[in-house]
Amino acid sequence: MNEALQNLLTPFQYDYMLRAILVSALIGGTCGFLSSFVTLKGWSLMGDALSHAVVPGVAIAYILGMPFALGAFIAGLFAAGTMALIKATSRIREDATIGIVFTAYFALGLLLISLFPARVDLKTILLGNILGISDPDILQVSAISAVTLIVLVMKWRDLMLFCFDPNQARALGLRAGLLHVLLLALLAATAVAALQAVGACLVVAMLVTPGATAYLLTDRFGKMLWLSSGMGVATSLIGAYLSFYFNGATGGCIVTLQSMVFLAAFLFAPVHGIIASRRRIHLSTSTS
């Protein structure tokens, strides 16, 4: 019994694992909180775009010896601004605009990495390196997560109304344009934070999956926020913990676990799950 308990506690005996678990939980909670707004707004493609668009910013930051978070955040804002400009000045649909911009920025990032391979680690950017996270990176991630969570907690009602109905938000005197920019900035910042944990390839999963799962479990947005945040923390913490025993990629473990939770909700959610929907259809058919 003592030996089994000792084996379960083994990951906590290593400083790098303890740091990875705690930072993953922080990032997971931040992404989970923001995920509810992304789901309500229908911005899953926007999250994907920004998570890839930050790659050239990260590459430039590494080349110049700057904090990677600064370069990534600036690149994310530039990408969001580019998408807004194309949408406002052309007849191109939003989905096409997003696809063009994020692939262009991502390609630029890959080009920079290929030109300066000794200074930039492609695997770290694309897949993350939470197990090797440094103290300055932990400070950056913690600061980004803290600011994002504070803003979301203070403005969640305004952002909820903007995501649900921008016209109603304007009618009530809210500055919809400012809220749009604010949500984009928070999305870019959170993508930067999650980059350390799961890399550019999987950031979108952390920004979408918890909110989509919570959306299946409740019709109240306040409850949805708590559910998505809790799932983000739990799956990130457990995924990072399990990666020690699987000897697998931490980001892969986290996102796989989140996907499994989503699948369970998709099938077994008491109101919006597939099984519940089939049961209602069967009952209505049998009574008619």
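Numbering (this note's numbering), first residue to last: 88 to 375.
Glycine included, C-beta positions come from ideal geometry on N, C-alpha and C.
Keep in mind the model is a prediction, meaning the values are calculated, not measured.
Does DSSP put Leu-329 in a helix, in a strand, or in coil? Within the sequence shown, the letter at position 242 stands for residue 329. Reduced to three states, the DSSP call for Leu-329 is helix.
**Request:** Just the C-alpha distance for Thr-372 and Ala-363, rounded to the nearest angstrom, thanks.
**Result:** Your numbering for residue 372 matches position 285 in the sequence shown. Your numbering for residue 363 matches position 276 in the sequence shown. Approximately 14 Å between the Cα atoms of the pair.
Hey, Ser-229 and Leu-113 are a contact pair by Cβ (cut 8 Å); roughly how many whole angstroms apart? By one-based count along the sequence shown, residue 229 stands at place 142. By one-based count along the sequence shown, residue 113 stands at place 26. Yes, they are in contact, since the Cβ atoms of Ser-229 and Leu-113 sit about 7 Å apart, within 8 Å.
Closest by C-alpha distance to Ser-201, when choosing among Ala-146, Leu-344, Leu-271, Arg-367: The sequence position of residue 201 within the sequence shown is 114, counting from 1. Minimum Cα distance to Ser-201 is reached at Ala-146.
Taking DSSP as the reference, what is the three-state secondary structure of Val-376? Residue numbering for the chain in the displayed model covers 88 to 375; residue 376 lies beyond these limits and cannot be assessed.
### Query
Alpha carbon to alpha carbon, how far is Ser-346 from Val-295?
If you number the sequence shown from 1, residue 346 lands on position 259. If you number the sequence shown from 1, residue 295 lands on position 208. Ser-346 and Val-295: Cα-Cα distance of roughly 10 Å.
*asked:* Quick check: the Cα distance between Met-318 and Leu-312, rounded to an integer number of angstroms?
replied: Walking along the sequence shown from the start, residue 318 turns up at place 231. Walking along the sequence shown from the start, residue 312 turns up at place 225. The straight-line gap from Cα to Cα measures roughly 10 Å.
Using only CA atoms, which one of Ala-327, Leu-304, Leu-329 lies nearest to Ala-352?
Here residue 352 is taken as the residue at index 265 of the sequence shown, counted from 1. Taking only the C-alpha atoms, the option nearest Ala-352 is Leu-304.
Taking only runs of the alpha helix (DSSP H) that begin and end inside the segment 228–307, which ones reach a length of at least 4 residues, in chain order? 253–258, 263–285, 290–304
Quiz item: Of the choices Asp-306, Pro-223, Gly-338, whose alpha-carbon is the least far from that of Leu-157?
Solution: Sequence index remark: in the sequence shown, residue 157 carries index 70 (1-based). Answer by Cα proximity: Pro-223.
Inset, instruction - Evaluate Val-320 with the Cβ neighbour count: other Cβ atoms within 10 Å of its Cβ, from every protein chain shown; 16 or more gives buried, anything less gives exposed. - result: Position 233 of the sequence shown, counted from the first residue, corresponds to residue 320. By the 10 Å Cβ count, Val-320 comes out buried.
task = Helix, strand or coil for Ser-316, going by three-state DSSP, please let me know.
result = Taking the sequence shown and counting its residues from 1, one reaches residue 316 at position 229. Look at Ser-316 here: in three-state DSSP terms it is helix.
3-residue-minimum beta strand (DSSP E) runs that sit fully inside the segment 192–216, ordered along the chain:
none
Starting from Gly-163 and walking both ways along the alpha helix (DSSP H), at which residues does that stretch end? Sequence index remark: in the sequence shown, residue 163 carries index 76 (1-based). Its alpha helix (DSSP H) spans residues 155–176.
- Item | Simplified DSSP state of Gly-152, which is helix, strand or coil | As a position in the sequence shown, residue 152 is number 65, starting the count at 1. Coil.
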